[in-house]
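Everything on this sheet refers to the single structure shown next.
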Amino acid sequence: MVAHCSENPKVPRWEQVVSAGCAVQAMQMAALAQGFNGIWRSGAWTEHPLVREAFACREQDEIVGFLYLGTPQLKGSTKVVAPDSTPFVRYF
């Protein structure tokens, strides 16, 4: 995912980068809802000149990470149990 940043007095650069990160998170959650799993990776490759060139990044652009998606080989074994909310909730 590349944050294609541009000069804009109403939307600062940091907000453009954060928005790209939010888009990655939304894509990952949408994939999970469809039965896929994924991992979002960043690291040194986000700054590597050849990678930036391959994605046609300009100097002001930011690679926020790489989203790897696939079909899980195993089902998750963790069962989520909702906590008892009665001590905190009076009306629901």
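Residue 60 in full-length UniProt numbering sits at position 60 of the sequence shown, and the numbers go up by one each step. All C-beta atoms, glycine included, are put in the ideal place defined by N, C-alpha and C. Remember, predicted model here, so these are calculated numbers, not experimental data.
Could you pull the start and end residues of the beta strand (DSSP E) that residue i belongs to?
| i | result |
| --- | --- |
| W40 | 37 to 41 |
| L67 | 66 to 70 |
If you drop the 5 nearest sequence neighbours on each side, which residues of the same chain put their C-beta closer than 6 angstroms to that of residue i?
| i | result |
| --- | --- |
| Q34 | none |
| W45 | V51 |
| C5 | R13, Q16, Q60, D61 |
Within this structure, are the beta carbons of residue i and residue j separated by less than 8 angstroms?
| i | j | result |
| --- | --- | --- |
| A3 | E62 | yes |
| V11 | V64 | no |
| A31 | L69 | yes |
| W40 | Q28 | yes |
| G38 | L74 | no |
Suppose you measure from the CA of residue i to the CA of residue j; what does that come to, to the nearest Å?
| i | j | result |
| --- | --- | --- |
| P72 | E7 | 41 angstroms |
| V81 | G43 | 34 angstroms |
| residue 97 | P83 | Because the chain spans 1 through 92 in this model, residue 97 falls outside it and cannot be assessed. |
| Y91 | A26 | 31 angstroms |
| P49 | G76 | 38 angstroms |
Could you spell out the range, first to last residue, of the alpha helix (DSSP H) harbouring residue i?
| i | result |
| --- | --- |
| P49 | 49 to 54 |
| A23 | 13 to 33 |
Could you pull out every residue in the same chain whose Cβ sits closer than 8 angstroms to the Cβ of residue i, ignoring the five residues on either side in sequence?
| i | result |
| --- | --- |
| K79 | none |
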